[in-house]
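Heads up: the sequence shown is residues 86 to 189, going by my numbering. We put the beta carbon where it would ideally sit given N, CA and C, even for glycine. Step one of this worksheet: look at the structure below.
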Amino acid sequence: MRDVTIYTLNTSNKSPQPSDAALKKLAKETGGRYFSEMSTNKLKQAFAAIEKEIRNRYALSYQPDDLQDDGRFRRIRITAEKSGRRFRVHTRKGYYAPLASSAE
86 MRDVTIYTLN TSNKSPQPSD AALKKLAKET GGRYFSEMST NKLKQAFAAI
136 EKEIRNRYAL SYQPDDLQDD GRFRRIRITA EKSGRRFRVH TRKGYYAPLA
186 SSAE
């Protein structure tokens, strides 16, 4: 998957579940969030939180000057602050650099 944010919800009222680790990992790796132990009220809150995040998204892009087409994983870290107030940023942990084309 590329450039997709995934939000995961465990709708079981019981925790922990065997699937929790996989759901957490999928959400974290794509910049999404994981929600668990969903009562009816918590489910509504989770969808409201997801909606709020999606409505308040920004798209950032950059390309390093020394980008090498070697297919290696590059970590990214984004912080946001204004007037001394830090903001929560949900993002993926990094990206894979493209591989050089062997057809050249």
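Check                                                                                                                                                       : Outcome
Enumerate, from N- to C-terminal direction, the unbroken beta strand (DSSP E) stretches of 3 or more residues contained entirely within the segment 88-173. : 158-160, 165-167 and 170-172
Taking its Cβ as the centre, do 16 or more other Cβ atoms sit within 10 Å of Ser121, making it buried, or is it exposed?                                    : buried
Only counting the same chain, and skipping five residues up and downstream in sequence, which positions put a Cβ closer than 6 Å to that of Pro101?         : none
Cα separation between Gly156 and Asn141?                                                                                                                    : 31 Å
Check this for me: beta carbons of Thr115 and Thr96, under 8 Å apart or not?                                                                                : no
Measuring CB atoms only, is the segment 130-150 touching the segment 103-114, in the sense that at least three cross pairs come out at less than 8 Å?       : no
Determine, using beta carbons only, whether Leu184 and Asp150 come nearer to each other than 8 Å.                                                           : no
Looking at Lys159: is its Cβ nearer than 8 Å to the Cβ of Tyr143?                                                                                           : Correcting the residue identity first, residue 159 is Arg in this sequence and not Lys. Going by C-beta atoms, Arg159 is not nearer than 8 Å to Tyr143.
At the level of alpha carbons, what is the spacing between Asn98 and Val174?                                                                                : 28 Å
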